[in-house]
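Residue numbers (the working numbering): -14 to 247. Here a beta-carbon is modelled for each residue, glycine too, at the ideal position from N, C-alpha and C. Only one structure is covered here, and it is reproduced in the block below.
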């Protein structure tokens, strides 16, 4: 209810508001820890971090259960995404709000009426960019495959999920490795003139307190002790989760991707 009450207060003129807060995006691809990061960001009392708002044209994916929305707002998002960002995302917030942002993946908003989103973001040179990656792209690929099979994308309960083993195709793995690395490098080059923070899922999962200190410092907000609201989905090793692990390891031996199997 926190966000809904804030919006209601602003609409009634009962709360002081401002637009002089830090703006940011969480940039990456699926299955690299962006949900973990967003849950930690939203645990901070002065941060609003929205979800993948340009993921789905059929519905508004704020990923904020209490966020006010309407068909008129949805139509604005579809027809004029830049106005939507200026008026609905980076709008006035209560004065205690210090940072506002959202998630966007490399392949979001690349065509049609949403194409202006990227030139807009690139033109906002004060926009802070948190670029989250996963060093082991094999684990990214595996996580995506398992999520597609189980239709389980996030664990909010903490209840252990049933182990799922999958067979991975060599050519699909290779294509995903190459494509992901190209996305990462292109994004780093495009946003080189912006405030840019590199964040690795492995570091965040291993020491979220230490990594969130870096994130909060980057966003210029006071440190608060935060805890994630989601949980790790799998505890399997790669060898346990991939039925043809040994075969793949042999196929990738001697390539730049061999380190993913160590």
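*Does the pairing of the region 156 to 164 with the region 116 to 129 give three or more beta-carbon distances under 8 angstroms?*
Flag = yes, the region 156 to 164 and the region 116 to 129 touch.
*What is the DSSP secondary structure of residue 181, reduced to helix, strand or coil?*
Correct three-state label for residue 181: strand.
*asked:* According to DSSP, is residue 193 part of a helix, a strand, or is it coil?
replied: It is helical.
*Reducing DSSP to helix, strand and coil, say where residue 172 ends up.*
Collapsing the DSSP output to three states places residue 172 in a helix.
*asked:* With a threshold of 7 angstroms on Cβ separation, who are the neighbours of residue 224 within its own chain once the five nearest residues in sequence on each side are excluded?
replied: Within its own chain, the residues whose Cβ lies closer than 7 angstroms to the Cβ of residue 224, once the five positions on either side in sequence are excluded, are 230, listed in chain order.
*Nearest-angstrom Cα separation, counted from residue 156 out to residue 235*: Roughly 14 angstroms separates the two Cα atoms.
*My understanding is that residue 258 touches residue 181, with C-beta atoms under 8 angstroms, so please give their C-beta distance in whole angstroms.*
Since the first residue of the chain shown is -14 and the last is 247, residue 258 is not available in this structure.
*Taking buried to mean at least 16 other C-beta atoms within 10 Å of its own C-beta, is residue 239 buried or exposed?*
With a threshold of 16 other beta carbon atoms within 10 Å, residue 239 falls short and is exposed.
_With a threshold of 8 angstroms on Cβ separation, who are the neighbours of residue 74 within its own chain once the five nearest residues in sequence on each side are excluded?_
Here the set comprises 35, 38, 85 and 87.
_Straight-line gap, residue 221 to residue 213 (C-alpha atoms, nearest Å)_ = Rounded to the nearest whole angstrom, the C-alpha separation of residue 221 and residue 213 is 21 angstroms.
*When you compare only the Cα positions, how much space is there between residue 149 and residue 187?*
It is roughly 21 angstroms from the alpha-carbon of residue 149 to the alpha-carbon of residue 187.
*Going straight from the alpha carbon of residue 118 to that of residue 196, what length do you get?*
Rounded to the nearest angstrom, the two C-alpha atoms are 13 angstroms apart.
*Indicate whether residue 82 and residue 6 have their beta-carbon atoms separated by less than 9 angstroms.*
Cβ atoms of residue 82 and residue 6: closer than 9 angstroms.
_Length of the line joining the Cα atoms of residue 173 and residue 125_ = Using only the alpha carbons, I get a separation of about 19 angstroms.
*Pull up the distance between the alpha-carbon of residue 185 and that of residue 13, whole angstroms please.*
Distance between the alpha carbons of residue 185 and residue 13 is about 11 angstroms.
*Taking the alpha-carbon positions, what's the residue 54 to residue 60 distance?*
In this structure, the CA atom of residue 54 is about 11 angstroms from the CA atom of residue 60.
*When the Cα of residue 43 is compared with those of 29, 62, 25 and 30, which residue comes out closest?*
Checking every option, the nearest Cα to that of residue 43 belongs to 62.
*Please confirm whether residue 8 and residue 123 have their CB atoms less than 9 angstroms apart.*
Against a cut-off of 9 angstroms, the Cβ pair of residue 123 and residue 8 comes out as no contact.
*From the DSSP output, in three-state form, read off residue 116 for me.*
DSSP places residue 116 in strand when its eight states are reduced to three.
*Using three-state DSSP, classify residue 43 as helix, strand or coil.*
Under the three-state reduction of DSSP, residue 43 is assigned to coil, being neither helix nor strand.
*How would you label residue 228, buried or exposed, when you count the other beta carbons within 10 angstroms and need 16 or more for buried?*
Exposed.
_Taking 9 angstroms as the threshold (C-beta atoms), are residue 70 and residue 92 in contact?_
The Cβ atoms of residue 92 and residue 70 lie no closer than 9 angstroms to each other.
*asked:* Within a Cβ cutoff of 6 angstroms, which residues of the same chain sit near residue -10, ignoring the five residues on either side of it in sequence?
replied: Low per-residue confidence applies at residue -10: pLDDT is 47, beneath 50, and the placement is therefore not dependable, though the value from the model is reported in the following sentence. A distance below 6 angstroms between beta-carbons, with the five flanking residues on each side excluded, links residue -10 to no residue of its chain.
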